[in-house]
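Visitor: Okay, here's the structure, questions in a sec.
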Amino acid sequence: MKVKEAPGEDPDGGWGWVLVAAFFVCNSLIYGLMRVFGIFFVEFVQYFEESAQAISWISSIGVATQQSTGAALGNAYGARVVVMAGGLLAGLGLILASQATSLFHLYLSMGVMSGLGWGLIFSPMMATVIAHFTRRRTLALGVSLSSIGLSAFAFNPLFQMLKEMYTWRGALLISGALSFNIIPCGALIQPKKPSLAAERLSVLFERPYITYVIAASLFNAGYFVPYFHLVAHSRQVGFSEYQAAFVLSAAGATDILGRIFSGWFSDLGHFRLIHLLAVWTALTGLSILLLPVSSLTALYPALMVVSSVYGFCSGALTSLVFAVLPQIVGVSRVMGALGLFQMIESGAGLIGTPLSGRAQLHKMSTLFVLMSCFHVVESTVQHKSLNTESNITKAVHVKDILY
Numbered sequence: 538m539k540v541k542e543a544p545g546e547d548p549d550g551g552w553g554w555v556l557v558a559a560f561f562v563c564n565s566l567i568y569g570l571m572r573v574f575g576i577f578f579v580e581f582v583q584y585f586e587e588s589a590q591a592i593s594w595i596s597s598i599g600v601a602t603q604q605s606t607g608a609a610l611g612n613a614y615g616a617r618v619v620v621m622a623g624g625l626l627a628g629l630g631l632i633l634a635s636q637a638t639s640l641f642h643l644y645l646s647m648g649v650m651s652g653l654g655w656g657l658i659f660s661p662m663m664a665t666v667i668a669h670f671t672r673r674r675t676l677a678l679g680v681s682l683s684s685i686g687l688s689a690f691a692f693n694p695l696f697q698m699l700k701e702m703y704t705w706r707g708a709l710l711i712s713g714a715l716s717f718n719i720i721p722c723g724a725l726i727q728p729k730k731p732s733l734a735a736e737r738l739s740v741l742f743e744r745p746y747i748t749y750v751i752a753a754s755l756f757n758a759g760y761f762v763p764y765f766h767l768v769a770h771s772r773q774v775g776f777s778e779y780q781a782a783f784v785l786s787a788a789g790a791t792d793i794l795g796r797i798f799s800g801w802f803s804d805l806g807h808f809r810l811i812h813l814l815a816v817w818t819a820l821t822g823l824s825i826l827l828l829p830v831s832s833l834t835a836l837y838p839a840l841m842v843v844s845s846v847y848g849f850c851s852g853a854l855t856s857l858v859f860a861v862l863p864q865i866v867g868v869s870r871v872m873g874a875l876g877l878f879q880m881i882e883s884g885a886g887l888i889g890t891p892l893s894g895r896a897q898l899h900k901m902s903t904l905f906v907l908m909s910c911f912h913v914v915e916s917t918v919q920h921k922s923l924n925t926e927s928n929i930t931k932a933v934h935v936k937d938i939l940y
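Just so you know, the sequence shown maps onto residues 538 to 940 in this note's numbering.
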């Protein structure tokens, strides 16, 4: 079903494509860097002499912090200043992490500080891009989010090389410097006066929205786990460090294709977005389930193929997760909806990676089976609970959007 445009709404494109480019860069320096932290996983375990479960809390703290801050501050102070402040915090956190002498230091610097910085960036940038598009919204989001796969494809071998040349400390220092590039991206956002949409937050507690948030929380619990543990899994099977890094790169490359294809296909309007999202989510869960199966033969091409399928499917569903949201709550409430959306699902993100770390202590195949269940269950919840026309709201005038 296509969303109806409100009369007088700004046309797709224009300055919106500049913001898509800025969001593209921001995503590469948030989620792209988060995905390469699997390269540091083994190093942290060995250097700090801690368990895999304890190391996994670094990622979980970062994900939980990243998903609970940006929208509220974006509403209060505007997207431009909040995104720029987020770039500063994210860079400083990674630089401090490069000097860590204990695991607790990494929790505070990489987990809390960088996570807080990432959180100040994503929701305001997402709401800003959504506000500038209607008919091509899913495509714009797909292009913006495709940088996550592109950066994962490029960053994994790059940071493997940097880690060997400068140790993990030097690699983290460089990642912090790269994060400062988010600051000029935030400066491209046009300042807007605060919106009064925050007074209409009651719609966010309606059943369709809450059901959707619960479904997305199940997705979030397992989303980062394969990226965080796939390198360790590949090494456990017997592949070299560079082979393991390229397994992640394969997933990153197909992730790009999945996001762009999904955005283009969804905007054709042949199927409802929620139906497409349920299908891609189920396929993502099944591909995770096949990861340990592909490793039973210890054949590198088999692992590469399954990893590529996982990357394509997980990339395809990501842009749809956010494209469905304005259809449920309306464009004017996207900033507030994103805030509550990410705050609730951050709880699932907080437990997902440590739970995977505990499962890894027993068997890696158990880990991937567990994470695949999260995705398959989520697709069922999405399809059954949101499969009514009454759950879809009309888009409102772009000037009502929160910046």
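Virtual Cβ for every residue (Gly too), placed ideally from N, Cα, C. Everything numeric in this text was worked out from a predicted model, so none of it was measured.
Pick helix, strand or coil for Ile726, following the three-state DSSP scheme.
Guide: Note: Ile726 maps to coil in three-state DSSP.
Visitor: Quick one: Cα of Val582 to Cα of Leu640, how far?
Guide: So the two alpha carbons sit approximately 10 Å from each other.
Visitor: Nearest chain C C-beta to Gly806 closer than 9 Å, yes or no?
Guide: The structure shown contains no chain C; it holds only a single protein chain.
Visitor: If contacts are defined as beta-carbon pairs under 8 Å, then Phe690 and Ile793 qualify, I think. What distance do you get, rounded to the angstrom?
Guide: 7 Å between Cβ atoms; contact.
Visitor: Determine the burial state of His807: buried for a count of at least 16 other Cβ atoms within 10 Å of its Cβ, exposed for fewer.
Guide: Exposed.
Visitor: Determine the burial state of Leu836: buried for a count of at least 16 other Cβ atoms within 10 Å of its Cβ, exposed for fewer.
Guide: Result: exposed.
Visitor: What residue from Leu725, Ser593, Phe560 has the CA that sits closest to Ile576's CA?
Guide: That would be Ser593, whose Cα lies nearest to the Cα of Ile576.
Visitor: By the 10 Å Cβ neighbour count, where 16 or more other Cβ atoms means buried, how is Ala613 classified, buried or exposed?
Guide: Exposed, because fewer than 16 other Cβ atoms sit within 10 Å of the Cβ of Ala613.
Visitor: With DSSP run on the structure shown, which of helix, strand or coil describes Ala591?
Guide: The answer is helix: DSSP assigns Ala591 an H, G or I state.
Visitor: In this structure, how does DSSP classify Gln773 when only helix, strand and coil are distinguished?
Guide: It is helical.
Visitor: Counting pairs of Cβ atoms below 8 Å between the segment 870 to 878 and the segment 800 to 820, do you hit three or more?
Guide: Contact between the segment 870 to 878 and the segment 800 to 820 is absent, because fewer than three Cβ pairs lie under 8 Å.
Visitor: Would you please state the rounded distance, in angstroms, between the beta carbons of Tyr621 and Ala724? I believe it to be under 8 Å.
Guide: According to the sequence shown, residue 621 is Met rather than Tyr. Correct: roughly 6 Å between the Cβ atoms.
Visitor: Can you tell me the Cβ-Cβ gap for Ile567 and Trp655, rounded? I've got them flagged as a contact below 8 Å.
Guide: Contact holds; Cβ gap of about 5 Å.
Visitor: Secondary structure at Ser514, three-state DSSP: helix, strand or coil?
Guide: Residue 514 lies beyond the stretch modelled for the chain, which goes from 538 to 940, so this question has no answer here.
Visitor: May I ask which residues mark the beginning and end of the alpha helix (DSSP H) holding Tyr703?
Guide: Residues 674 to 716.
Visitor: Give the straight-line distance between the Cα atoms of Ala753 and Ser799, rounded to the nearest whole angstrom.
Guide: So the alpha carbons of these two residues sit roughly 18 Å apart.
Visitor: Out of Ser597, Ile598, Val579, which one is the CA nearest neighbour of Ala589?
Guide: Ranking the options by Cα distance to Ala589, first place goes to Val579.
Visitor: Does the segment 627 to 647 come close enough to the segment 682 to 700 to have 3 or more Cβ pairs within less than 8 Å?
Guide: The segment 627 to 647, when compared against the segment 682 to 700, does not touch it at the 8 Å Cβ threshold.
Visitor: How should Met702 be labelled, buried or exposed, when 16 other C-beta atoms within 10 angstroms of its C-beta is the threshold for buried?
Guide: Exposed, since its Cβ has fewer than 16 Cβ neighbours within 10 Å.
Visitor: Alpha carbon to alpha carbon, how far is Arg706 from Gln780? Give it in angstroms, no decimals.
Guide: Going from the Cα of Gln780 to the Cα of Arg706 covers about 22 Å.
Visitor: CB-CB under 6 Å to Ser635, same chain, minus the five flanking residues each way: which ones, in chain order?
Guide: So the qualifying residues of the chain are Arg706, Leu709, Leu710.
Visitor: In whole angstroms, give me the CA-to-CA distance for Cys722 and Gly852.
Guide: Looking at the two C-alpha atoms, the distance is approximately 23 Å.
Visitor: Whole angstroms is fine: what's the gap from Ser771's alpha carbon to Ala839's?
Guide: Ser771 and Ala839: Cα-Cα distance of roughly 12 Å.
Visitor: Closest by CA to His556, which one among Phe717, Ala627, Pro661, Leu631?
Guide: Rather than His, the amino acid found at residue 556 in this sequence is Leu. Selected option, being the one with the closest Cα: Pro661.
Visitor: Who are the near neighbours of Thr665 in its chain, counting only those whose CB is closer than 6 Å to its CB and skipping five residues on each side?
Guide: Contacts found: Leu556, Ala616, Ile726.
Visitor: Considering only their Cβ atoms, is the gap separating Val842 from Asn718 smaller than 9 Å?
Guide: It is not a contact, given that the beta carbons lie outside the stated cut-off.
Visitor: Enumerate in chain order the residues of its own chain whose CB-to-CB distance from Arg796 is below 7 Å, with the five nearest sequence positions on each side excluded.
Guide: Once the five neighbours on either side are set aside, the close Cβ partners of Arg796 are Gly679, Leu682, Ser683, Gly686, Gly852, Ala853, Thr855, Ser856.
Visitor: With a CB to CB cut of under 6 Å and the five nearest residues on each side skipped, what residues in its chain are close to Ala559?
Guide: Closer than 6 Å at Cβ, skipping near neighbours: Cys722, Leu725.
Visitor: According to the Cβ coordinates, are Leu828 and Ser844 closer than 9 Å?
Guide: Contact flag set, yes.
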